[in-house]
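Note sheet for the following structure.
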Amino acid sequence: MEAVFPIHVKLNLQEGKKFYRYTYNEYTTAYGETHRSELNKVFHVTLKRLETEGFEYHIEIFDRVHRDKELSSSEKDFLDRIAEINNDVKLITDEYGRLKSIQNLPILQNKVEKIVEKLSRSYVGKKADDFYQFLKTLYRNEDLVAKDFLKYNHFGMILHQFYGRYNEKEDQVRHSVRYRNFMDNTIIDIDESVQTEAIRYDNELLLLQYTGNIPSDKNWEMFYGEMQRKEIVYHSETDFPKLDKYKGQILLDFITKEVLEHKLTIEFSLGENYQKKIIYHIKEISHEEL
1 MEAVFPIHVK LNLQEGKKFY RYTYNEYTTA YGETHRSELN KVFHVTLKRL ETEGFEYHIE
61 IFDRVHRDKE LSSSEKDFLD RIAEINNDVK LITDEYGRLK SIQNLPILQN KVEKIVEKLS
121 RSYVGKKADD FYQFLKTLYR NEDLVAKDFL KYNHFGMILH QFYGRYNEKE DQVRHSVRYR
181 NFMDNTIIDI DESVQTEAIR YDNELLLLQY TGNIPSDKNW EMFYGEMQRK EIVYHSETDF
241 PKLDKYKGQI LLDFITKEVL EHKLTIEFSL GENYQKKIIY HIKEISHEEL
């Protein structure tokens, strides 16, 4: 049914346990030829209210599979080892899912040291060394790790930014999201807003929908430079980075406000010769579906 305002979207439970399946599909098309990259994994979330204040999310990852024909087996192995850093994480949030701290950050920092030490025996060179140093620097700073978690991987799909109080039946710009995967060597910021007029709920489910837009021409030169480097033709006077589609849907339990399903579809283009489609999706699954 249509929403009756105000609507208060905040966590409301003592403890919850759920399995989710996460899929990430990326389609890059240049001159009509499409390359697909796919990442699948299963994760388990234990969510419980703390005696003091807030909530603890314990997130454990299983069965990570990366499919990409352009990656060698050694490159996939390298990425798998890096992903192991975050395969068991405990996060502390408030009732609105806002990340307050990473409870087991010292354990993650120790894992970084051990994994980097092991990888450095097999993967050498300046590029590898620079990446190892980047990882060590990143995990020394809790704020940077938190920002990294809240990107649209499985953490960001669960700890979404749309908990809150909705008072008026109009689009509300909620926050900005930074992407690095629209094109190699580029950065772009997207402003997201909930479509409050599209909020629906019943006694069991709550549906939030959101859209996104490119707010300015900031960093567009990075895209033009990369197009030139890749020798992809575009018209400098008429072609520009464009969002052809940016649509997200979050299905929550109406009582507890736990995420049951979250899907985001992005379609980006720069002229006729370059397109990118990205689909993020998590969905609750039963133990029998594992």
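Using my numbering, you'd call the opening residue of the sequence shown number 1 and step up by one each time. C-beta atoms are modelled at their ideal positions from N, C-alpha and C, and glycine is treated no differently.
Can you have a look at residue i and say buried or exposed, based on whether 16 or more other CB atoms are within 10 angstroms of its CB?
{"i": "S122", "result": "exposed"}
{"i": "N86", "result": "buried"}
{"i": "M1", "result": "exposed"}
{"i": "I278", "result": "buried"}
{"i": "L290", "result": "exposed"}
{"i": "S269", "result": "buried"}
{"i": "L144", "result": "exposed"}
{"i": "K245", "result": "exposed"}
{"i": "K276", "result": "buried"}
{"i": "G156", "result": "buried"}
{"i": "I158", "result": "buried"}
{"i": "T238", "result": "exposed"}
{"i": "G212", "result": "buried"}
{"i": "V124", "result": "exposed"}
{"i": "T28", "result": "buried"}
{"i": "E192", "result": "buried"}
{"i": "F223", "result": "buried"}
{"i": "I285", "result": "exposed"}
{"i": "V351", "result": "Summary: the structure shown does not reach residue 351, with the chain confined to residues 1 through 290, and so no result is reported for it."}
{"i": "V116", "result": "buried"}
{"i": "H262", "result": "buried"}
{"i": "V89", "result": "buried"}
{"i": "V194", "result": "buried"}
{"i": "F55", "result": "buried"}
{"i": "E5", "result": "Just to set this straight, residue 5 is Phe in the shown sequence, not Glu. Exposed is the call here."}
{"i": "H35", "result": "exposed"}
Starting from residue i and walking both ways along the alpha helix (DSSP H), at which residues does that stretch end?
{"i": "K136", "result": "126-139"}
{"i": "D191", "result": "Element bounds for D191: not the alpha helix (DSSP H) but the beta strand (DSSP E), 188-194."}
{"i": "V9", "result": "From DSSP, V9 is part of no alpha helix (DSSP H) but of the beta strand (DSSP E) over 7-9."}
{"i": "L105", "result": "105-119"}
{"i": "R81", "result": "73-83"}
{"i": "L144", "result": "142-149"}
{"i": "I158", "result": "154-158"}
On a Cα-Cα basis, can you pick out the residue from the options that is closest to residue i?
{"i": "Y57", "options": "A128, Q249, L99", "result": "L99"}
{"i": "A30", "options": "S120, D148, N167, I232", "result": "I232"}
{"i": "V259", "options": "Y96, Y27, G32, I187", "result": "Y96"}
{"i": "Y274", "options": "Q228, D253, Q249, Y20", "result": "Q228"}
{"i": "I187", "options": "E226, L251, E142", "result": "E226"}
{"i": "D292", "options": "Q249, V9, L207", "result": "Only positions 1 to 290 of the chain appear in this structure, which leaves residue 292 out of reach."}
{"i": "E204", "options": "K247, H160, N181, I255", "result": "I255"}
{"i": "Q133", "options": "A3, K147, V112", "result": "V112"}
{"i": "V176", "options": "L206, N167, F162", "result": "The residue asked about is misnamed: residue 176 is Ser in this sequence, not Val. Selected option, being the one with the closest Cα: F162."}
{"i": "L208", "options": "I214, K242, G248, R174", "result": "G248"}
{"i": "I190", "options": "D202, R174, D184", "result": "R174"}
{"i": "D184", "options": "E221, V4, Y210, S101", "result": "E221"}
{"i": "E75", "options": "L119, Y139, A3", "result": "L119"}
{"i": "I59", "options": "Q103, H66, N110", "result": "Q103"}
{"i": "Y22", "options": "I7, F62, E84", "result": "F62"}
{"i": "K136", "options": "N110, H35, N181", "result": "N110"}
{"i": "E26", "options": "F182, L105, K283, Y166", "result": "F182"}
{"i": "L251", "options": "P241, P106, R140, I282", "result": "I282"}
{"i": "F240", "options": "N153, H160, I214, L79", "result": "I214"}
{"i": "D80", "options": "H66, I92, D202", "result": "H66"}
{"i": "I92", "options": "E142, R180, R64, N153", "result": "E142"}
Which residue marks the beginning of the beta strand (DSSP E) containing residue i, and which one marks its end?
{"i": "V89", "result": "88-93"}
{"i": "G164", "result": "164-166"}
{"i": "I102", "result": "99-102"}
With 7 angstroms set as the bound, which would you pick, yes or no: does the beta-carbon of residue i sit closer than that to a beta-carbon of chain D?
{"i": "Y132", "result": "Of the chains in the structure shown, none is chain D; there is only one protein chain."}
Unbroken stretches of the alpha helix (DSSP H), 4 residues or longer, contained in the region 206-283: Counting whole runs of 4 or more residues, the region 206-283 contains the alpha helix (DSSP H) stretches 220-229.
Ranges of the beta strand (DSSP E) found wholly within the region 20-65, counting only runs of at least 3: 33-49
Below 8 angstroms, how does it come out for the region 40-50 and the region 197-204: are there three or more Cβ pairs, yes or no? Under the Cβ criterion (8 angstroms, minimum of three pairs), the region 40-50 does not count as touching the region 197-204.
Just checking, does the region 16-29 make contact with the region 124-138 on the three C-beta pairs under 8 angstroms criterion? no
Counting Cβ pairs, one atom from each stretch, are 3 or more of them under 8 angstroms apart for the region 67-79 and the region 46-56? Contact fails between the region 67-79 and the region 46-56, because fewer than three Cβ pairs, one in each stretch, are under 8 angstroms apart.
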